[in-house]
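Novice: In this note's numbering, the protein residues as written are 5 to 336.
Even for Gly, the Cβ is constructed at its ideal location relative to N, Cα and C.
Fair warning: this is a prediction, and the values are worked out from it, not measured in the lab.
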């Protein structure tokens, strides 16, 4: 055999091997998340990976993960989100977006064929991106949503504080999730406000300004989403009970520890790990051909309503028995 034929054979084998390797490249799952206390959606990622492994998708074998953490909790992270989507659109088998960044990723991904899962977002944010949360989306978007109905928070507030008049939603106008939830509060009809007068206070005007407004407006309890947790230590100076949605990225068994020494008396909590596990089930079904992203109906998270008796006792709040009966967990 001539030297030329040998070299040609080697080149052909090399090309075939490279083509085979390219065809066998594992699907890529890209996470885009932002720094939220206390674990930056790490429980979502961990729950997702473990459940995918249980479904036969093993890291380094038949699946590859790319994990992108943006620079901040607010809109300063938008350039990071857009850059990540630009880099991985068309290359990733699934892009998983955590929290409000999902809206910015959606603006680019809706014109692509790259599947996107929001894991998780507020229910009101999900409704901005999809017309229905109970029907097949018929597009390349689905995911997990958090249920923090403002009406339910106001109802829990009324049960705990039967004589309350003024409740404040404390938000940060630089944080998209806070703004979306503010709109949801403002859309609560009077007959569902449980006799409470709602006041909206913006942390972008300064914590001291908010503390002054809490006094001036005779606020008796308040809540929020992201902004109040970024300033939770300073806000405790108000001495007011917090009845809120609890969005920290913590394990369910750590809930009691994270409620110690603060003013959170009650609220609604959605474990983020559960969202990651459910997202993995959805993704595995898509990767194995059992479903498509277009037919994957969004799923609600697991909601836990709680009362924190330690904080209630410290703030001298007598918790009515009917309030205790209305929640899933009572933390002593």
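Quick check: what's the CA-CA separation for residue 423 versus residue 323?
Specialist: Since the first residue of the chain shown is 5 and the last is 336, residue 423 is not available in this structure.
Novice: Enumerated in chain order, which unbroken segments of the alpha helix (DSSP H) with a length of 4 residues or greater are wholly contained in the region 24-104?
Specialist: 46-58, 82-92
Novice: Unbroken beta strand (DSSP E) runs of length 3 or more, entirely within the region 159-197: which are they?
Specialist: 170-175
Novice: Leaving out the 5 sequence neighbours to the left and right, which residues in its chain are closer than 7 Å to residue 161 when beta-carbon positions are compared?
Specialist: Excluding the 5 residues flanking it on each side, residue 161 has same chain C-beta neighbours closer than 7 Å at 168, 171, 200, 225, 247, in chain order.
Novice: Between the C-alpha atoms of residue 43 and residue 254, what's the straight-line distance to the nearest angstrom?
Specialist: Rounded to whole angstroms, residue 43 to residue 254 spans 7 Å at the Cα level.
Novice: Mapping DSSP to helix, strand and coil, what is residue 203?
Specialist: Three-state result, residue 203: strand.
Novice: State the start and end residues of the unbroken beta strand (DSSP E) segment that holds residue 120.
Specialist: For residue 120, the uninterrupted beta strand (DSSP E) segment begins and ends at 120-126.
Novice: Would residue 177 pass as a contact of residue 208 if the rule is Cβ separation under 8 Å?
Specialist: yes
Novice: Can you tell me the Cα-Cα spacing of residue 175 and residue 184, whole angstroms?
Specialist: 10 Å
Novice: Would you call the CB atoms of residue 205 and residue 214 closer than 8 Å?
Specialist: yes
Novice: Can you name the start and end residues of the alpha helix (DSSP H) that residue 287 belongs to?
Specialist: 276-291 is the span of the alpha helix (DSSP H), which, as asked, contains residue 287.
Novice: Quick one: grab the DSSP three-state call for residue 324.
Specialist: coil
Novice: If you count every other CB in all the chains shown that lies within 10 Å of the CB of residue 130, and 16 or more means buried, which is it?
Specialist: buried
Novice: When you compare only the Cα positions, how much space is there between residue 3 and residue 75?
Specialist: Residue 3 lies beyond the range of the chain shown here (5 to 336); nothing can be said about it.
Novice: Please classify residue 106: does DSSP put it in a helix, a strand, or coil?
Specialist: helix
Novice: Could you give the distance in angstroms between the alpha-carbon of residue 22 and the alpha-carbon of residue 97?
Specialist: Caution is warranted here: a pLDDT of 49 is assigned to residue 22, below 50, making its placement in the model unreliable, and the coordinate value is therefore given only provisionally. In a straight line, the C-alpha of residue 22 is about 21 Å away from that of residue 97.
Novice: Less than 7 Å between C-beta atoms, sequence neighbours within five positions excluded: which residues of the same chain meet that for residue 267?
Specialist: 240, 244, 245, 246, 315, 319
Novice: Expressed to the nearest angstrom, what Euclidean distance is found between the alpha-carbon atoms of residue 4 and residue 219?
Specialist: Nothing in the structure corresponds to residue 4, since the chain is present only between 5 and 336.
Novice: By how many angstroms is the C-alpha of residue 221 removed from the C-alpha of residue 295?
Specialist: 52 Å
Novice: Should residue 25 be labelled buried (16 or more other beta-carbon atoms within 10 Å of its own) or exposed?
Specialist: Bear in mind that the predicted position of residue 25 carries a pLDDT of just 47, short of 50, making it too unreliable to give a figure here.
Novice: In whole angstroms, give me the CA-to-CA distance for residue 190 and residue 229.
Specialist: 15 Å
Novice: In angstroms, rounded to a whole number, what distance separates the CA positions of residue 32 and residue 271?
Specialist: 37 Å
Novice: Please go through the same chain and pick out, in chain order, the residues whose beta-carbon is closer than 7 Å to the beta-carbon of residue 186, but skip the five residues on each side of it.
Specialist: 173, 175, 204
Novice: Please report the distance separating the alpha-carbon of residue 142 from that of residue 37.
Specialist: 25 Å
Novice: Cutting at 7 Å between CB atoms, please list the residues of its own chain near residue 47, excluding the five before and the five after it.
Specialist: 253, 255, 276, 277, 280
Novice: Can you name the residues that DSSP bridges to residue 333?
Specialist: 310
Novice: Report the three-state DSSP secondary structure of residue 230 (helix, strand or coil).
Specialist: Here residue 230 carries a coil assignment [DSSP, helix/strand/coil].
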